[in-house]
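Student:
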Amino acid sequence: MIQHETKFKNETCGNCNGDGCLRCGSLGYVLVAQPSKKCDNCGGEGCHRCAYTGWSRALKAK
26 MIQHETKFKN ETCGNCNGDG CLRCGSLGYV LVAQPSKKCD NCGGEGCHRC
76 AYTGWSRALK AK
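All letters in the sequence shown, in the order written, are residues 26 to 87 by our numbering.
Laid out in structure tokens, this is it:
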């Protein structure tokens with residue numbers, strides 16, 4: 026069985042545009058699995074489907 030390692034990259038939070046908010050843990054960015062892709066539903070603005078990060082496959086900030 027072949028295992029693939031998922032790479033992640035910091036991407037600007039779509040909810041706060043990098044200013045820091047509750048969605049990104051006040052960091053201004055979220056970790057997104059690569060290749061990164063903006064949310065199909067909101068186009069990167071942030072919505073319920075992307076947990077308000079603006080990204081598909083983003084890790085939820087704690």
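For every residue, glycine included, the Cβ atom is placed at its ideal position computed from N, Cα and C.
What would DSSP say about Arg-48, mapped onto helix, strand or coil?
Tutor: For the purposes of this step, residue 48 is identified with residue 23 of the sequence shown, where counting begins at 1. Residue state, collapsed to three classes: coil.
Student: For Asn-35, count neighbouring Cβ atoms within 10 angstroms of its own Cβ and tell me buried if that reaches 16, exposed if not.
Tutor: Position 10 of the sequence shown, counted from the first residue, corresponds to residue 35. With fewer than 16 Cβ atoms within 10 Å of its Cβ, Asn-35 is classed as exposed.
Student: Output the distance between the C-alpha atoms of Gly-39 and Gly-79, rounded to the nearest integer angstrom.
Tutor: The residue given as residue 39 occupies position 14 in the sequence shown. The residue given as residue 79 occupies position 54 in the sequence shown. Their Cα atoms are separated by approximately 4 Å.
Student: Buried or exposed for Gly-68, please, with buried defined as at least 16 other CB atoms from any protein chain shown within 10 angstroms of its CB.
Tutor: Here the question's residue 68 lines up with position 43 in the sequence shown. Under this definition Gly-68 is an exposed residue.
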